[in-house]
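Notes for the one structure printed next.
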Amino acid sequence: MNAASPRKLTSWWNCQKLIASVVLLASCHWAVAQPLINTQPANTTVSLGATAQFRVLATSTNPPITYQWWFKEAALDAVANPSAAKNLLSLTNVTLADAGPYFVVVSDTSGLAATSQVATLTVDPTFVKITGPGFLANGSDWTVSYWVDYDNDGWLEVVVPRGGDVPPPRPMEVYKNNRDDTFTRITNGLAQMAGRWEGLAWADYDGDGRLDCIAAQFQPMDPVLFLNQGNGEFAKIVINQNTTANRKTAPGYVVTCADYDGDGWVDVAIGCNMGYSYGTNTLLHNLGGGRFEVVTNTPVAVRGAYVENFAWIDYDGDGHLDLYANTSATPSPSSGEQDLLFQNQGNGTFVRITNHPLVNTAGVDLVAGWADYDNDGDMDVFVPYWQLGTSALYRNLGNGQFEVDPNGPVLDVNNNPVSASWGDYDNDGYLDLFVTQFAGRNRLFHNDGNGTFTEILTGSPVNGNKSRNFYGAWIDYNNDGFLDLVVYMFKGTTPPHELYRNNLPQQGNTNHWLKVQLRGVASSTEGTGAKVRVKATIRGQTVWQMRQIGSLTTFATELLAHFGLGDATNVDVVWIEWPSSLVQELHDVPANQSLTITEHQAGVTNAPSLTASRLASDTVQLTLTGQTNLLYVLQASTNLVQWTKIAVRTNLTGAVDFTGSASTNYPQRFYRAVAP
144 MNAASPRKLT SWWNCQKLIA SVVLLASCHW AVAQPLINTQ PANTTVSLGA
194 TAQFRVLATS TNPPITYQWW FKEAALDAVA NPSAAKNLLS LTNVTLADAG
244 PYFVVVSDTS GLAATSQVAT LTVDPTFVKI TGPGFLANGS DWTVSYWVDY
294 DNDGWLEVVV PRGGDVPPPR PMEVYKNNRD DTFTRITNGL AQMAGRWEGL
344 AWADYDGDGR LDCIAAQFQP MDPVLFLNQG NGEFAKIVIN QNTTANRKTA
394 PGYVVTCADY DGDGWVDVAI GCNMGYSYGT NTLLHNLGGG RFEVVTNTPV
444 AVRGAYVENF AWIDYDGDGH LDLYANTSAT PSPSSGEQDL LFQNQGNGTF
494 VRITNHPLVN TAGVDLVAGW ADYDNDGDMD VFVPYWQLGT SALYRNLGNG
544 QFEVDPNGPV LDVNNNPVSA SWGDYDNDGY LDLFVTQFAG RNRLFHNDGN
594 GTFTEILTGS PVNGNKSRNF YGAWIDYNND GFLDLVVYMF KGTTPPHELY
644 RNNLPQQGNT NHWLKVQLRG VASSTEGTGA KVRVKATIRG QTVWQMRQIG
694 SLTTFATELL AHFGLGDATN VDVVWIEWPS SLVQELHDVP ANQSLTITEH
744 QAGVTNAPSL TASRLASDTV QLTLTGQTNL LYVLQASTNL VQWTKIAVRT
794 NLTGAVDFTG SASTNYPQRF YRAVAP
């Protein structure tokens, strides 16, 4: 080895001193530990208008710890947003500009610092979270609110029942739709009706053209009918006491309505739950004029079924509405129960079906979602099992036969799926599925239109609350033709409700749509239970779609049919199957409109004649003479201006008689017959 020159030795020595100094300095730093980040911030995704949060957990031997959050390459202003200097960063009312990388620098009194991992915020523009309306902060004691146009102005109002099993009695809350994403709380009408309210069911029970409300109560246990007076006010009527006796003193829990016998009046089913094993379900037959009778000899009045939801549905395609009930066991079930299915015999009676895929599975399920998801013309159902069972999408094969669709969405029973709701939120012509989960995040499955589904993983509807989600519903509360989403949380949760406005029109989605609202004449006013079918050419393919008006869940959705039409600018055929059995057809209907269709039958050429006579028993006998095989509606009036339906009759032989109450309460009364 060659000897080193003095100059090289000096350089080498200086270098060693520098290295020693560096080592000594590093050793001192190791003696004073820097802060330790135990929990790193995680990637998150929210919708427009929502709140995004990033959290870290850190420890230090030299407290206190200070935090500074960064976005991209800039430190966030802790004056404008104080959470930028805390371990939990909150970003409220997020916009697309807030999307990107976030990290935090954690420091302590030693002067050392630790930098977290980078977490990415994804902002999904599909929905905008609405935070202003008061009902979103002041929830129902029954976990649900009802969206209904009870004043016939074309815009949905919000009715929130109060009380329930939480005393004392309290009035309902009612919020008027201001048509600008805001709602104003009103104080008249239902807002003055105090009680311990459970489920509500909206329909025109007395046939005057206005939506009325039936409310189940916890105490007292008689259901209450609120007759809409047309000026924002309601007349309260306690339905006859036999309903309580029939239910063995158990309070009603859920209420749903439909005209199961096709007589033009909307009937009611009331289910018991609340842990009352001695409760018996009730079937109320509507007699017209706001009067009901309890149907006592029916299998529907099953005892101890713990009904969570009723759905009136024509599962076997015979034209008659059957009744399906989701059931649960006690609040802490040790074994499952079978769901209930009652087949309508077409003569006002029912038979309980006990051997069927929908009732053969023992489990606990709350709200199944019925819809024609595969556009084959009949109603399918997704059953989310809360406990014990395996959630499944049942495809209707026709004639009442069902099979599990192996391509359907898959859910983990341990997440306690609660409710299933179908809606074509992107208006592509295929119904999508939203499922709430009590012990996990919600799930949204986009229908691909080819028998498969793609799960949507971005946005607040599926990444917001990770627990205590209860019900979900699709509504078009701002009347833009795109379905919005409301999520109800379990009672006592803050916030109690979440509302998401569909933002796809603002994102360039140009898919077309059609909303169909019915006005029944022989059928109930809103056509509850009617099937509406449309045919349109979407992306070069002929597509039929079918919707049923109302009666599918115990919590209210819109009493109309919403169709996504993709690129179709018009509908070739609109086909309505009314509860009265009338069938109506329209052609070449333009898209992007809310269409109101009044019940009508073809072939009416001559006006009927009607005679009336008062009988000794204080009844009136009407005799109608007119065309045979036509459906006629008998109406009464006291002033020749406002007419009320009193009966629906089919004229089979050329003449038909009707006997009804003449009522001494009227100084005079007029009658007429109308062929829709």
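For the sequence shown, counting from 1, position 185 maps to 328 in this note's numbering; every step adds exactly one. All residues carry an ideal CB built from backbone N, CA and C; glycine is no exception. Because the structure is a prediction, the values reported are computed rather than measured.
Note: K379 is bridge-paired with F369 in the DSSP secondary-structure output. Annotation for N181: the continuous beta strand (DSSP E) segment containing it runs L179 to T182.
The Cβ atoms of D294 and G375 sit closer than 8 Å to each other. Taking one beta carbon from each stretch, the segment 223-242 and the segment 184-199 have 3 or more pairs nearer than 8 Å; the two touch.
Annotation: the segment 416-465 contains the following complete segments of the beta strand (DSSP E) (minimum length 3 residues), in chain order: 425-431, 434-437 and 450-456. For the 8 Å CB-CB criterion, L279 and W290 do not form a contact. Here M689 is bridged, per DSSP, to R676. The residue from D267, I208 and D402 with its alpha-carbon nearest to that of A193 is D267.
According to the DSSP assignment, V630 belongs to no alpha helix (DSSP H) but to the beta strand (DSSP E) extending over D627 to M632.
Inclusion of V317 and A337 in the CB contact set at 8 Å is not warranted, their separation being larger than that value. Of the residues assessed, L708 falls on the buried side of the cut-off, its CB having 16 or more other CB atoms within 10 angstroms.
Residues W212, L219 and A221 of the same chain have their beta carbon placed closer than 6 Å to that of A227, with the five preceding and five following residues left out of the count. According to DSSP, residue pairing for K788 in a beta bridge involves Q778.
By the criterion of at least three beta-carbon pairs nearer than 8 Å, the segment 692-707 is not in contact with the segment 529-536. Distance from the CA of N331 to the CA of T739, rounded to the nearest whole angstrom, comes to 29 Å.
Cβ atoms of G672 and L464 come within 8 Å of each other, at about 5 Å. Buried is the label assigned to V271, since at least 16 other Cβ atoms lie within 10 Å of its Cβ.
Per the coordinates, the alpha-carbon of G583 lies some 22 Å from the alpha-carbon of A262. Across the set G414, N570 and D519, the C-alpha of G414 shows the shortest separation from the C-alpha of M364.
The alpha-carbon separation between D567 and K379 amounts to approximately 37 Å.
Residue pairing for G414: DSSP places it in a beta bridge opposite V397. Taken atom to atom, the span from the alpha-carbon of V664 to that of R353 is near 13 Å. Around the Cβ of D347, a 10 Å sphere holds 16 or more other Cβ atoms; the residue is buried.
When rounded, the separation of the alpha-carbon atoms in D515 and F596 is 14 Å. Taking I681 as the centre and dropping the five residues before and after it, the same chain places the C-beta of G572, G709 and A711 closer than 6 Å to its C-beta, in chain order.
E598 is classed as exposed because its beta carbon has fewer than 16 other beta carbons within 10 Å across all chains shown.
Ranked by Cα distance from W721, the options E436, T423, P312 and G462 are led by G462. Ranking H499, V578, G506 and A505 by CA distance to the CA of G543 puts H499 first. The beta carbon of A344 is closer than 6 Å to those of I357, V398, T399 and C400 in its chain, skipping five residues each way along the sequence.
Note: Q811 is not bridge-paired with any residue in the DSSP secondary-structure output.
In the DSSP assignment, no residue is bridged to R584. The beta carbon of G277 is closer than 6 Å to those of R328 in its chain, skipping five residues each way along the sequence. DSSP, reduced to helix, strand and coil, places Q660 within a strand of the structure shown. Distance from the CA atom of D402 to the CA atom of G489, rounded to whole angstroms, is 12 Å. Taking C-beta atoms as the reference points, V237 and N606 fail to come closer than 8 Å. Annotation: the continuous alpha helix (DSSP H) that includes S603 extends over S603 to N606.
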